[in-house]
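Numbering (the working numbering), first residue to last: 4 to 79.
Here a beta-carbon is modelled for each residue, glycine too, at the ideal position from N, C-alpha and C.
This report refers to the structure that appears directly beneath it.
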């Protein structure tokens, strides 16, 4: 599957692109924002089709970056 030239990715392509499972995408999309859960990347719906824009995925991935070691997070 060649996704390098696509702007809008389907669920399977998105899971591959971000390195997460399709079930994560589905569950986080349905749950919305919940405490201690990773929020879903932004998505769009076209009819019944769910698509993810590559630029949104890149921004979402960048927002997941942690700048402190997890063991130090409680000390802040």
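Grouping DSSP H, G and I as helix and E and B as strand, with all else coil, what is residue i?
{"i": "residue 79", "result": "For residue 79, the predicted model reports a pLDDT of 48, less than 50, meaning its position is unreliable; a value from the coordinates is still stated below. In this structure, residue 79 counts as coil in the three-state DSSP scheme."}
{"i": "residue 21", "result": "helix"}
{"i": "residue 39", "result": "coil"}
{"i": "residue 68", "result": "coil"}
{"i": "residue 84", "result": "Only positions 4 to 79 of the chain appear in the structure, and residue 84 is not among them; the question remains open."}
Is there at least one Cβ from chain B nearer than 8 Å to residue i's Cβ?
{"i": "residue 25", "result": "Among the chains in the structure shown there is no chain B, since it carries only a single protein chain."}
Kindly identify the DSSP beta-bridge partner or partners of residue i.
{"i": "residue 55", "result": "12"}
{"i": "residue 48", "result": "53"}
Based on Cα-Cα distance, which residue from the options lies nearest to residue i?
{"i": "residue 53", "options": "7, 8, 25", "result": "25"}
{"i": "residue 61", "options": "69, 20, 40, 37", "result": "20"}
{"i": "residue 51", "options": "14, 34, 22, 37", "result": "14"}
{"i": "residue 42", "options": "67, 48, 12, 11", "result": "67"}
{"i": "residue 29", "options": "39, 18, 37", "result": "18"}
{"i": "residue 7", "options": "48, 44, 57", "result": "57"}
{"i": "residue 12", "options": "63, 46, 69, 38", "result": "46"}
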